[in-house]
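Numbering (this note's numbering), first residue to last: 60 to 196. The C-beta atom is built at its ideal place from N, Cα and C for all residues, glycine as well. Every value quoted in this text rests on a predicted model; they were computed, and no experiment measured them.
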């Protein structure tokens, strides 16, 4: 099988602003139809910290690169995972959260991946994005 990413990256001329023409011509098409590397099953990923950036990177590796989840290792120094996106507690004693939780529309990567994660407390076909929207309405 031909790896089309190699063709796109190496055979198209570059525009004056430095972007390959294929990006200008296809827009977000390449985001929606990723071509995984041929050897993705043998590759390993090591992500430092268990904050939102590493969690999203792992989700994109699984969804878009089709990397097996067991090939991804997230390294965390703290006893509580989540980085500044952590949260702990219960309904009786209350909750503690270190980081800010304002989710603006500029969180495009976050919203994009949340639509593909099944809802935790709602039936199919709802996603985490649906739950987030409903809670915040």
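Boundaries of the beta strand (DSSP E) in which residue i is found, first to last residue
{"i": "residue 156", "result": "Note, residue 156: premise wrong, no beta strand (DSSP E); not H, not E."}
{"i": "residue 194", "result": "No beta strand (DSSP E) contains residue 194, which is instead part of the alpha helix (DSSP H) from 187-194."}
{"i": "residue 133", "result": "131-134"}
Exposure of residue i, with buried meaning 16 or more beta-carbon neighbours within 10 Å
{"i": "residue 196", "result": "exposed"}
{"i": "residue 117", "result": "buried"}
{"i": "residue 126", "result": "buried"}
{"i": "residue 177", "result": "exposed"}
Euclidean distance between Cα positions of residue i and residue j
{"i": "residue 164", "j": "residue 170", "result": "8 angstroms"}
{"i": "residue 175", "j": "residue 162", "result": "18 angstroms"}
{"i": "residue 179", "j": "residue 172", "result": "15 angstroms"}
{"i": "residue 168", "j": "residue 139", "result": "24 angstroms"}
{"i": "residue 184", "j": "residue 190", "result": "11 angstroms"}
Option nearest residue i by Cα separation, candidates the options
{"i": "residue 124", "options": "144, 98, 107 and 142", "result": "98"}
{"i": "residue 105", "options": "95, 130 and 194", "result": "130"}
{"i": "residue 122", "options": "185, 96 and 139", "result": "96"}
{"i": "residue 111", "options": "128, 153, 135 and 94", "result": "135"}
{"i": "residue 141", "options": "119, 187 and 114", "result": "114"}
Boundaries of the alpha helix (DSSP H) in which residue i is found, first to last residue
{"i": "residue 124", "result": "Per DSSP, residue 124 belongs to no alpha helix (DSSP H) and is neither H nor E."}
{"i": "residue 171", "result": "167-173"}
Nonlocal neighbours in the same chain, by C-beta distance under 6 angstroms from residue i, ignoring five residues either side
{"i": "residue 93", "result": "123"}
{"i": "residue 132", "result": "105"}
{"i": "residue 148", "result": "154 and 155"}
Residue-chain proximity (residue i, chain B), Cβ-Cβ < 8 angstroms
{"i": "residue 170", "result": "Reference to chain B is not applicable here, since this structure consists of a single protein chain."}
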